[in-house]
Amino acid sequence: MSIENYQAFYDGFTPSQIEDLLIGNLNDGFNVCEEIVDRWAEGDRLALRYEGAERAASDMTYAELKRKSAQFANFLKSQGIGKGDRVAALLPRTPELLVVIMGTLRAGAVYQPLFTAFGAGAIEYRTQRAGTTLVVTDPANRFKLDDVKGCPPVLLFQRDKADARYADNMDFEAEVFSQSDQFEPVKIGAEDPFLQMFTSGTVGKAKGVSVPAKALLSFYVYMRFAIGLRPEDTYWNVADPGWAYGLYYAVVGPLLMGNGTHFCEHGFTPESTYEMLRKYKITNLAAAPTAYRLLMANDDLLSEEDCFDLRVASSAGEPLNPEVIGWVDRRLGCPVMDHYGQTETGMTACNHHDLEQSVVRVGSMGFSMPGHRVVALNGDYEEIGEGEVGQLAVDVENSPLFFFQGYTWGEKNPFHGKYYLTGDVVVSHGDGGYSFNGRDDDIITTAGYRVGPADVESTLLEHEAVAESGVVAKPDEKRGSIIKAFVVIKPPFEPTEELSDQLKQFVRSRLSTHAFPREIEFVDDLPKTPSGKIQRFILRNQAREESEVTS
22 MSIENYQAFY
32 DGFTPSQIED
42 LLIGNLNDGF
52 NVCEEIVDRW
62 AEGDRLALRY
72 EGAERAASDM
82 TYAELKRKSA
92 QFANFLKSQG
102 IGKGDRVAAL
112 LPRTPELLVV
122 IMGTLRAGAV
132 YQPLFTAFGA
142 GAIEYRTQRA
152 GTTLVVTDPA
162 NRFKLDDVKG
172 CPPVLLFQRD
182 KADARYADNM
192 DFEAEVFSQS
202 DQFEPVKIGA
212 EDPFLQMFTS
222 GTVGKAKGVS
232 VPAKALLSFY
242 VYMRFAIGLR
252 PEDTYWNVAD
262 PGWAYGLYYA
272 VVGPLLMGNG
282 THFCEHGFTP
292 ESTYEMLRKY
302 KITNLAAAPT
312 AYRLLMANDD
322 LLSEEDCFDL
332 RVASSAGEPL
342 NPEVIGWVDR
352 RLGCPVMDHY
362 GQTETGMTAC
372 NHHDLEQSVV
382 RVGSMGFSMP
392 GHRVVALNGD
402 YEEIGEGEVG
412 QLAVDVENSP
422 LFFFQGYTWG
432 EKNPFHGKYY
442 LTGDVVVSHG
452 DGGYSFNGRD
462 DDIITTAGYR
472 VGPADVESTL
482 LEHEAVAESG
492 VVAKPDEKRG
502 SIIKAFVVIK
512 PPFEPTEELS
522 DQLKQFVRSR
532 LSTHAFPREI
542 EFVDDLPKTP
552 SGKIQRFILR
562 NQAREESEVT
572 S
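In this note's numbering, the protein residues as written are 22 to 572.
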């Protein structure tokens with residue numbers, strides 16, 4: 022499809038054009054697991070290729086996943102867990118994680134990801150907020166639940182390898198694999214949730230995002246047109262399923278299309294990534310910009326003779342710079358395209374691999390994804406023209422695949438009239454294309470993760486030494502940005518390097534290993550408005566100036 026025909030396609034686009042990909046029906050209900058697993062379960066088609074950290078590599082077919090997901094669904098039923106109930110997994114990228122996700126969806130329940138880098142505080146907030154009915158974890162992560170107040174019942178994988186104090190936890194293998202492998206999928210409505218996500222904000226705690234079943238249609242369009250996934254592709258999305266991009270497009274998206282997916286249990290390293298590309302002959306790759314930057318920084322691991330099987334690559338999270346794009350083309354041997362989206366909306370603006378765009382601008386987020394109309398608005402909520410800067414928004418009335426229903430517990434209203442407001446500031450190119458310009462709030466993007474400063478600040482305040490804190494992004498060559506905290510301490514504590522290290526570790530253990538401040542600066546006071554609000558923009562400018570001096 023050429024970009025000339027794109028607008029006509031977009032203008033007349035309705036969900037009914039792709040509804041025939043569903044076994045069920047948007048009006049009468051359907052089951053997500055049946056849509057993305059059962060339909061491919063004949064024969065030996067692969068659903069997962071798994072590269073273990075301490076376990077041997079293995080494959081799982083769709084047929085095997087269908088049986089095991091049925092066993093997990095039967096276990097949930099035996100526990101009184103069913104339609105609408107939240108089931109969480111605190112697991113690395115393993116076959117069991119896929120079984121838990123699909124078994125939860127087969128039972129009509131709602132899957133809730135818990136990133137394995139989360140600390141007890143982040144887990145506690147999310148499970149209490151969601152009323153989570155079960156947490157599935159493994160011996161390496163079980164201790165993180167020890168300090169979770171009101172922790173839901175725990176199902177422990179490889180309980181025999183866990184500490185003896187967890188002997189009373191339910192045993193995954195004994196409880197799940199003793200169940201029948203037959204389970205009639207529970208249908209849910211198009212507007213009913215199948216995923217329970219959380220997204221960071223600048224004020225207060227993380228906000229809930231319930232993803233409705235109809236989002237499958239949007240996921241399909243993204244995989245088909247932007248990722249450009251083809252039946253013959255070997256696809257790997259490096260993103261962790263503990264986050265939206267990994268869960269939406271490393272699990273649900275490829276399985277929906279019958280392509281299967283890859284899990285690498287190793288934490289990201291250039292060495293393991295290069296090895297995955299070689300071993301599994303990956304042809305279609307998706308990753309955060311940080312991954313591409315780190316691969317480029319470790320170009321010395323490649324020889325001049327190194328040759329990969331990559332056909333296309335995709336990037337999401339923040340804009341790629343020309344140097345990285347050129348390196349991917351030269352050393353990985355394929356084009357890489359920038360894509361834009363949010364936890365709330367999925368992907369909405371992309372440089373599409375399978376749409377012949379008349380222009381692909383370096384660092385641009387591209388054009389509206391089919392089924393969406395993405396615009397930019399000025400301060401009066403009027404759509405702007407070429408060269409103007411405004412807030413990116415989605416014209417909901419003219420976006421039939423837009424699925425966000427508002428935050429689960431009404432934490433914030435991001436809508437204005439017919440527009441959903443993203444909070445991201447862009448430059449309009451006048452032809453339907455946009456380039457990212459910044460945020461209209463203080464969200465920090467570090468190594469591809471979005472972190473709300475309020476989460477970090479509130480965690481720091483839990484430490485006995487901290488009176489106040491202000492958290493901002495500081496530019497960083499490898500991670501895009503790092504988290505820097507300006508901290509006011511209470512007497513009699515002293516601003517020592519030892520206290521700085523204590524605070525970093527405190528946030529890391531309570532909140533997350535990706536959300537702790539890598540720099541802490543002790544200050545006498547913080548800049549504030551007359552009403553007492555922290556002026557983070559002053560701190561952010563200070564951090565930016567420091568970065569420019571040291572670069």
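Built from N, CA and C at the ideal position, the CB exists for glycine as well.
In this text, all values refer to a predicted model and were calculated from it rather than measured experimentally.
- prompt: Count the other CB atoms within 10 Å of the CB of Asp80; is the residue buried (16 or more) or exposed (fewer)?
  reply: exposed
query: Where does the unbroken alpha helix (DSSP H) through Tyr83 begin, and where does it stop?
result: 83-99
- request: Output the boundary residues of the beta strand (DSSP E) element that contains Ile510.
  value: 501-510
query: On the three-state DSSP scale, how would you describe Phe284?
result: strand
query: Going by C-alpha distance, which of Pro214, Pro275, Trp348 is nearest Val242?
result: Pro275
- prompt: Asn419 by DSSP, collapsed to three states: which one?
  reply: helix
task: Quick one: measure Cβ to Cβ for Glu540 and Ile510, integer angstroms, because I've assumed they're closer than 8 Å.
output: That pair is no contact at about 16 Å.
message: Quick check on Tyr402: does DSSP put it in helix, strand or coil?
response: coil
query: Is Glu566 helix, strand or coil by DSSP?
result: helix
- prompt: Thinking just about the alpha-carbon of each residue, which of Pro421, Ser479, Asn458 is nearest to the one in Glu489?
  reply: Ser479
- request: Select from Tyr266, Phe457, Ala564 the residue whose C-alpha is nearest the C-alpha of Gly408.
  value: Phe457
- request: Would you check if the distance between the CB atom of Gly73 and the CB atom of Glu344 is smaller than 8 Å?
  value: no
message: Between Asp65, Thr467, Glu296, which has its C-alpha nearest Tyr83's C-alpha?
response: Asp65
message: Rounded to the nearest angstrom, what separates Gln28 and His437 at their Cα positions?
response: Here Gln28 scores only 45 on pLDDT, less than 50, and its place in the model is too uncertain to base an answer on.
query: Whose C-alpha, out of Asp49, Met123, Val156, is nearest the C-alpha of Phe215?
result: Met123
message: My output table needs one value for Glu540: the three-state DSSP class, helix, strand or coil.
response: strand
- prompt: Where Phe96 and Ile102 are concerned, what is the direct C-alpha to C-alpha distance, given to the nearest angstrom?
  reply: 9 Å
field: Asn46 classed as buried or exposed, judged by whether at least 16 other C-beta atoms fall within 10 angstroms
entry: exposed
query: On the premise that Pro474 lies in contact with Arg565, defined as a C-beta separation below 8 Å, what is that separation, rounded to the nearest angstrom?
result: Not a contact, Cβ separation roughly 15 Å.
- prompt: By how many angstroms is the C-alpha of Val333 removed from the C-alpha of Ala91?
  reply: 35 Å
query: In three-state terms, what does DSSP make of Ile555?
result: strand
message: Between the alpha carbons of Ile5 and Leu126, how many angstroms are there, rounded?
response: Any property of residue 5 remains undetermined from this structure, which presents the chain solely from 22 to 572.
task: Please report the residue range of the beta strand (DSSP E) in which Tyr470 lies.
output: 470-472
field: Ser568 to Gly501 span [Cα, whole Å]
entry: 12 Å
message: Checking 8 Å against the spacing of the C-beta atoms, do Leu86 and Leu238 come in under that value?
response: no
field: Bounding residues of the alpha helix (DSSP H) (the contiguous stretch that carries Val345)
entry: 343-348
field: Neighbour-count burial assignment, Gly400, 16 or more Cβ in a 10 Å radius
entry: exposed
- request: Report the residue from Leu176, Gly50, Ala370 whose alpha carbon sits nearest the alpha carbon of Gly454.
  value: Ala370
message: Do Leu306 and Trp264 count as a contact pair if the criterion is CB distance below 8 Å?
response: no
- request: Return the Cβ separation of Leu341 and Ile57 in integer angstroms, given the expectation that the two are a contact with Cβ distance under 8 Å.
  value: With 8 Å as the limit, Leu341 and Ile57 do not qualify as a contact, their Cβ atoms being about 30 Å apart.
message: Taking a contact to mean a Cβ-Cβ separation below 8 Å, would you say Phe424 touches Tyr441 in this structure?
response: no
query: Going along the chain, which unbroken runs of the alpha helix (DSSP H) with 4 or more residues stay wholly within the region 251-284?
result: 274-277
task: Starting from Thr364, follow the beta strand (DSSP E) in both directions and report where the run begins and ends.
output: That residue, Thr364, is in no beta strand (DSSP E); it is neither H nor E in DSSP.
- prompt: What is the C-beta distance between Asp416 and Lys433, in whole angstroms, given that I count them as a contact (C-beta under 8 Å)?
  reply: About 20 Å separates the two Cβ atoms, so there is no contact after all.
task: Give the DSSP bridge partners of Ile44, in chain order.
output: Answer is none; Ile44 lacks a bridge partner.
message: Please list the terminal residues of the continuous alpha helix (DSSP H) segment that includes Pro214.
response: No alpha helix (DSSP H) contains Pro214, which is instead part of the beta strand (DSSP E) from 214-220.
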